[in-house]
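Notes follow once the structure below has been shown.
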Amino acid sequence: MTMATILTENVGLDFPIYGMQRSLRRALFQSATGGFINKKDLQHRHVTVTALTGLSFQLSDGDRLALVGHNGAGKSSLLKVLAGIYYPTSGQVWVDGKITSLFELTLGIDSEDTGYETIVTAGMLHGMTQSEIESKIPEIEQFSELGEYLSLPVRTYSMGMTTRLGFSLATVFEPEILLLDEGIGAGDARFTDRASARLHELAKKSAILVLASHSDDLIRSICNKAALMNSGRLVKIGPVDEILSEYHIEKARSEPRATAG
Amino acid sequence: MTVSSPSVNGDPKIAGAKSRGHLRLLVITASEDLLDGLRRYDLWGRVGFLDIKRRYRRTTIGPFWATISLAIFTAVMSSIGVGLWKQEPAEYMPFLASGMMVWLMLSTMITEGGNMFISSQHLNRMRMDYSILAYALAWRNLVSFFHNLAVYLVIVAIFLPKLITPTILLVIPGLVLVAVNAVWVALLLGMICVRFRDVQQLIATVLQISLFVTPVFWPPHLLTGLTRLVFVDLNPLFAFINVVREPLLGKTPSLWSYLVILVVTLVGWIATFKVFSRYRKRIAFWV
């Protein structure tokens, strides 16, 4: 297996927010979750939300990192930066290895497309040729156990079915670096046993895994490292148990007031 | 896993480089996007094809609906046009039908271009070459045009065979020019509209007016003087219509039309490349 590495240097991400009404601006100021809203920019035409600040860390082969933190702590933003979807507004991300990201339940371009169409489109979007991905279809059929459903539009699938299709796709992509968001359904009550089994298998195949999740069970069963995030900052990286207990202490402390940062 | 050492952090020698040993920077430049995207013709061909398939899923005659509505439009409008502008029906009907075919293609390309990034919520889920969307857009509109063209050619071959001459082959370079320009139009309007959401409405309004001031319904030779200069000679939409429509009517497009298109192509691509280079990174935030 090739060596996979992720190296982030002082990564920051400022989100521009467009078309804000004044009242909505005020509402944002008072919101409890989310990152910092930059006051200085309020004088200008648009507001920016600081989603990530000064993140520097390195991951290498065998690291299975869980991102923990309350909603708006920057977990999803960090994943999207690592996936190359959002470009950091400051700092840099260096990567070695093939990145596969599974963020949301729509896998191809349109959920009107059938399972088979979605498989081919998703494979091609991932850089495979049509014949390469088509040769993987039997494997996906077997792994996803979706049977006849693969001929139906993806929008008719249940959450568990979509998740299984997503994991099956990710498996044939043979990711070296796998990025998973809780949005994919992991840790959800509807997350089926079979989908969970797929996830474990997939995690075993990739050199680096980064998972954002609120499920302690899932994190403990898959990850060997955890990173606690708060208000777009990396508070601490360490062993799963240590970070999780620290997170729960912090959560208990902040919950009565429900304030961020 | 370790927190990266300071020596790696602030090394000035590697600032600005795109790779460092095995490591690569997660950046796609505008030219990489355009060239890598173009190379993935299998992908944009497929995306464009699926777009058409999706639009007509669960219909029986599919894309030919567009052809039928065009045929009805031509039949009804011809009776008015023939009376209004004292035209021969045998000349006016193919003129109107071919003109509307090209107009539909151009206006759909422009409208969809403005909507291209707005409607692409999947941009926020994966890393991809954005130009693929523009190539797919140009491709699927050409395919739709070919549906209409096939029906047009059959009807003309039966009723007006004299219009089919070797000149008709000039339709091919005409369509190539349309496609080349559709890509920059889609990228540029796509970026502008996703950032400034009012522009989409503005485009719809401008297009609506353009249909009437561009010689689609009426023959260009009816205008003279300044109005002709503005609405015919300097009208880029007319130039594009001309280089596709004239061959379909058995005529050679004027050199002037090709000249106008050459200028539009150069200026459009240079402007688009500059805007795309500068703002490509921001598109994911705008969607």
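Protein chains in written order, with our numbering: chain A, -9 to 251; chain B, 33 to 319.
Note that CB positions come from ideal geometry on N, CA and C, so glycine has one too.
Please read these numbers as outputs of a predicted model, since none were measured by experiment.
1) Mind reading off the beta-carbon distance from isoleucine 130/A to methionine 158/B? Whole number of angstroms is fine, and I expect it under 8 Å.
2) Use the C-beta contact count for tryptophan 288/B: other C-beta atoms within 10 angstroms, 16 or more gives buried, fewer gives exposed.
3) Taking buried to mean at least 16 other C-beta atoms within 10 Å of its own C-beta, is leucine 191/B buried or exposed?
4) Mapping the DSSP letters down to three states, classify tryptophan 84/A as helix, strand or coil.
5) If we count the other Cβ atoms within 10 Å of its Cβ and call it buried at 16 or more, is glycine 131/B buried or exposed?
6) Taking 8 Å as the CB-CB cut-off, is leucine 102/B touching chain A?
7) Do glycine 206/B and proline 285/B have their CB atoms nearer than 8 Å?
8) Suppose you measure from the CA of glycine 77/B to the CA of isoleucine -4/A; what does that come to, to the nearest Å?
9) I want to verify the contact list: residues of chain B whose CB lies under 8 Å from the CB of isoleucine 75/A, in sequence order.
10) How many angstroms separate the CA atom of glutamate 164/A from the CA atom of leucine 55/B?
11) Would you kindly check if the distance between the Cβ of valine 217/B and the Cβ of valine 276/B is under 8 Å?
12) So, at 8 Å on beta carbons, what are the nonlocal neighbours of glutamine 232/B in its own chain, with the 5 sequence-adjacent residues on each side left out?
13) Any beta carbon from chain B within less than 8 Å of glutamine 11/A's own beta carbon?
14) Would you say leucine 201/A reaches chain B, if we count a Cβ-Cβ gap shorter than 8 Å as a contact?
15) Write down the C-beta distance between threonine 304/B and leucine 269/B rounded to the nearest angstrom, noting that I regard them as a contact closer than 8 Å.
16) Could you give the first and the last residue of the continuous alpha helix (DSSP H) run that contains proline 128/A?
17) Once the 5 residues before and after glutamate 144/B are set aside, which same chain residues still bring their CB inside 6 Å of it?
18) Just the C-alpha distance for glycine 87/A and phenylalanine 308/B, rounded to the nearest angstrom, thanks.
19) Which word fits asparagine 220/A, buried or exposed, when buried means at least 16 other C-beta atoms lie within 10 angstroms of its C-beta?
20) Against chain A, which members of the region 192 to 226 of chain B pass a CB distance test of less than 9 Å?
21) Select from Leu224/A, Ser158/A, Ser148/A, Ile99/A the residue whose C-alpha is nearest the C-alpha of isoleucine 123/A.
22) Exposed or buried, which one is serine 111/B when buried takes at least 16 other CB atoms within 10 Å?
23) Among the residues of its own chain, which have a CB less than 8 Å from the CB of isoleucine 156/B, if the five just before and after it don't count?
24) Return the chain-ordered list of same chain residues with a C-beta closer than 7 Å to the C-beta of leucine 224/A, the five sequence neighbours on each side being excluded.
25) Count the other C-beta atoms from every protein chain shown that fall within 10 angstroms of the C-beta of arginine 243/A, then say buried if there are 16 or more, exposed otherwise.
26) Quick check: the Cα distance between glycine 150/A and proline 279/B, rounded to an integer number of angstroms?
27) Is aspartate 74/B close to chain A, meaning its C-beta is less than 8 Å from at least one C-beta of that chain?
28) Is the beta carbon of lysine 65/A sitting closer than 8 Å to the one on leucine 55/A?
29) DSSP state of phenylalanine 5/A, grouped into three classes?
30) Quick one: Cα of tyrosine 8/A to Cα of leucine 115/A, how far?
31) Between arginine 71/B and chain A, is the shortest Cβ-Cβ distance under 8 Å, so that the two count as touching?
From the atom records:
1) That pair is no contact at about 18 Å.
2) exposed
3) Per the sequence shown, the amino acid found at residue 191/B is phenylalanine instead of leucine. With fewer than 16 other Cβ atoms within 10 Å, it is exposed.
4) strand
5) buried
6) no
7) A contact, by the Cβ cut-off of 8 Å.
8) Taking the straight line from one Cα to the other gives about 34 Å.
9) Leu155, Asn156, Arg157, Met158, Arg159, Ala316
10) So the two alpha carbons sit approximately 19 Å from each other.
11) In terms of Cβ geometry, valine 276/B and valine 217/B do not form a close pair [threshold 8 Å].
12) Gly146, Asn147, Ile150, Cys225
13) Note that glutamine 11/A scores 45 on pLDDT, short of 50, meaning its location in the model is unreliable; the coordinates nonetheless yield the value given after this. No, because no Cβ of chain B sits closer than 8 Å to the Cβ of glutamine 11/A.
14) no
15) Not confirmed; about 18 Å, so no contact.
16) 127 to 134
17) Leu169
18) 27 Å
19) buried
20) Considering only beta carbons, no part of the region 192 to 226 of chain B lies closer than 9 Å to chain A.
21) Ser158/A
22) By the neighbour-count definition (other C-beta atoms within 10 Å, threshold 16), serine 111/B is an exposed residue.
23) Strictly speaking, residue 156/B in this sequence is asparagine, with isoleucine absent from that position. Same-chain partners within the cutoff: Ala316, Val319.
24) Leu45, Phe47, Ala217
25) exposed
26) 55 Å
27) yes
28) no
29) Strand at phenylalanine 5/A.
30) 29 Å
31) no
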